[in-house]
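Trainee: In the working numbering, the protein residues as written are 283 to 460.
The beta carbon of each residue, even a glycine, is placed where N, CA and C say it ideally should be.
All values reported here derive from a predicted model rather than from experimental measurement.
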Ligand SMILES: Cc1cc2nc3c(=O)[nH]c(=O)nc-3n(C[C@H](O)[C@H](O)[C@H](O)COP(=O)(O)O)c2cc1C
């Protein structure tokens, strides 16, 4: 099962909408995929004591990561970096087994013209440190607010093609590593 992580807890986030595009693409190509949305994280993990003792309510989130065949992180750009909630999520996961030898792909989403290149590269550094297998084909969704039609549907055909190639390629990358 490929787990698509929405890298923010902002309600109605554009990263969430891109994650929905990705899940449709994975399913249409016959890959099993699910979404892990950081907005669903339990309030207990924001308590200082959570570093020492993981709350029971977090277990389903860490189990989802531990059981994933691959992680596809969709990260927005916040102040030139990836959101703080995503770093807290990473820090709450069991070490080292959460990312060790786990395939991971990255898609960046931003209002700006660089399409979250900076947060994706920051994440590559962290996941590289944690010995994940990083899939090299990254996708950057730039100027995201102008990428939806009046009904709210994603209508950037060029980026859709890139996301489709990324989903196909990441599924093949996971299979090749088995
Ligand atoms: C706290 C915050 C900081 C942001 N900083 C940046 C930024 O540095 N560069 C940028 O291009 N967009 C920035 N944005 C806009 C996001 O890229 C935009 O909201 C986009 O839709 C992706 O975020 P989302 O998934 O929360 O919607 C910021 C948005 C928020 C909420």
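Which same chain residues, not among the five before or five after residue 448, have their C-beta less than 6 Å away from its C-beta?
Mentor: In the chain shown, the residue the question calls residue 448 occupies position 166. If we look at residue 448 and ignore the five residues flanking it on each side, its Cβ neighbours are 419, 421.
Trainee: Going straight from the alpha carbon of residue 404 to that of residue 358, what length do you get?
Mentor: What you label residue 404 is simply residue 122 of the chain shown in a count that begins at 1. What you label residue 358 is simply residue 76 of the chain shown in a count that begins at 1. Residue 404 and residue 358: Cα-Cα distance of roughly 12 Å.
Trainee: I'd like to confirm the pairing. Which residues does DSSP put opposite residue 318 in its beta bridges?
Mentor: One-based indexing of the chain shown puts residue 318 at position 36. Bridge partners of residue 318: 287.
Trainee: Please classify residue 349: is it buried, with 16 or more other beta-carbons within 10 angstroms of its beta-carbon, or exposed?
Mentor: Locating residue 349 in the chain shown gives position 67, where the first residue counts as 1. Residue 349 is exposed by the Cβ-count criterion.
Trainee: When every heavy atom of ligand 1 is checked, does at least one fall within less than 7 Å of the C-beta of residue 421?
Mentor: What you label residue 421 is simply residue 139 of the chain shown in a count that begins at 1. Checking the Cβ of residue 421 against ligand 1 gives no.
Trainee: Output the boundary residues of the beta strand (DSSP E) element that contains residue 390.
Mentor: If you number the chain shown from 1, residue 390 lands on position 108. 385–391 is the extent of the beta strand (DSSP E) around residue 390.
Trainee: For residue 257 versus residue 356, is the C-beta distance shorter than 8 Å?
Mentor: What the structure shows of the chain is the stretch from 283 to 460, and residue 257 is not part of that stretch, so it cannot be assessed.
Trainee: Quick one: residues in its chain with C-beta nearer than 8 Å to the C-beta of residue 234, no 5 flanking neighbours on either side, listed in chain order?
Mentor: For the chain, the structure presents residues 283 to 460; residue 234 sits outside this window and is missing.
Trainee: When you compare only the Cα positions, how much space is there between residue 383 and residue 459?
Mentor: Looking up residue 383 in the chain shown gives position 101. Looking up residue 459 in the chain shown gives position 177. Roughly 9 Å separates the two Cα atoms.
Trainee: So does the segment 431–439 actually touch the segment 392–412, counting three or more Cβ pairs closer than 8 Å?
Mentor: Contact between the segment 431–439 and the segment 392–412 is absent, because fewer than three Cβ pairs lie under 8 Å.
Trainee: Using C-beta distances below 6 Å, list every residue in its chain close to residue 453, excluding the 5 sequence neighbours before and after it, in chain order.
Mentor: Walking along the chain shown from the start, residue 453 turns up at place 171. Cβ within range, chain order: 313.
Trainee: Do residue 365 and residue 417 have their beta-carbon atoms positioned less than 8 Å apart in this structure?
Mentor: Within the chain shown, the letter at position 135 stands for residue 417. Within the chain shown, the letter at position 83 stands for residue 365. No, they are not a contact pair.
Trainee: Does any heavy atom of ligand 1 sit closer than 7 Å to the C-beta of residue 295?
Mentor: For the purposes of this step, residue 295 is taken as the residue at position 13 of the chain shown. Residue 295 Cβ: within cutoff of ligand 1.
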